[in-house]
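Input: a single structure, listed below in structure tokens.
Residue numbers (the working numbering): 327 to 475.
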């Protein structure tokens, strides 16, 4: 990677951390039964949001470490790994949301309800923030020692 300033990477990681933390508190899923809302969950009520927020804090601290030292490859790799963990949690949560209607339909007897579940904006925001952390951490780790500040 030639002479690339680290400031765009710092901004990328900072935006990613904010997106994940905000997304963790927003709605992650909504379930309806015959058109009526029966369940809405935020990332924090699911528990997964707490994990993603904690991983975002780790990514932010590691990002601050490599930003301050400039050539701290290990800290950049920690940012990358935390971002990858966030992406993994978000994708697994999306799969879980997609499978909710089948689980609910199995529990409801006596009639065939129309059960739908939707991945809500908070989960998409969390996924996007995690992706930014992966990109920022990866680019920071790939920087050559002595590149532009």
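Backbone N, C-alpha and C define an ideal beta-carbon position, used for all residues, glycine too.
For clarity, every value in this text was computed on a predicted model and none was experimentally measured.
Counting along the chain, residue 372 sits inside the alpha helix (DSSP H) bounded by residues 369-372. In the DSSP assignment, residue 459 falls within the alpha helix (DSSP H) that extends over 447-468. Burial state of residue 425 is exposed, judged by a 10 Å Cβ sphere holding fewer than 16 other Cβ atoms. The C-beta distance from residue 412 to residue 378 rounds to 5 Å, short enough to meet the 8 Å contact threshold. Residue 340 and residue 423 have their C-alpha atoms some 28 Å from each other.
Per DSSP, reduced to three states, the secondary structure at residue 381 is helical. In the three-state reduction of the DSSP assignment, residue 376 falls in the helix class. Across the structure, residue 376 and residue 350 are spaced so that their CA atoms are roughly 7 Å apart. The Cβ neighbour count for residue 363, taken over all protein chains shown within 10 Å, is under 16; the residue is labelled exposed. In terms of Cα proximity to residue 444, the closest of 354, 348 and 337 is 354. Exclusion of the five residues before and after residue 408 leaves 381, 382, 384, 385, 388, 459 and 463 as the residues of its chain whose Cβ lies within less than 8 Å of its Cβ. The Cβ-Cβ distance between residue 346 and residue 455 falls below 8 Å. Excluding five sequence positions before and after residue 343, the CB atoms of its chain that fall closer than 8 Å to its own CB belong to 382, 383, 385, 386, 389, 455 and 459, given in chain order. In the structure shown, residue 332 adopts coil according to DSSP, grouped into three states.
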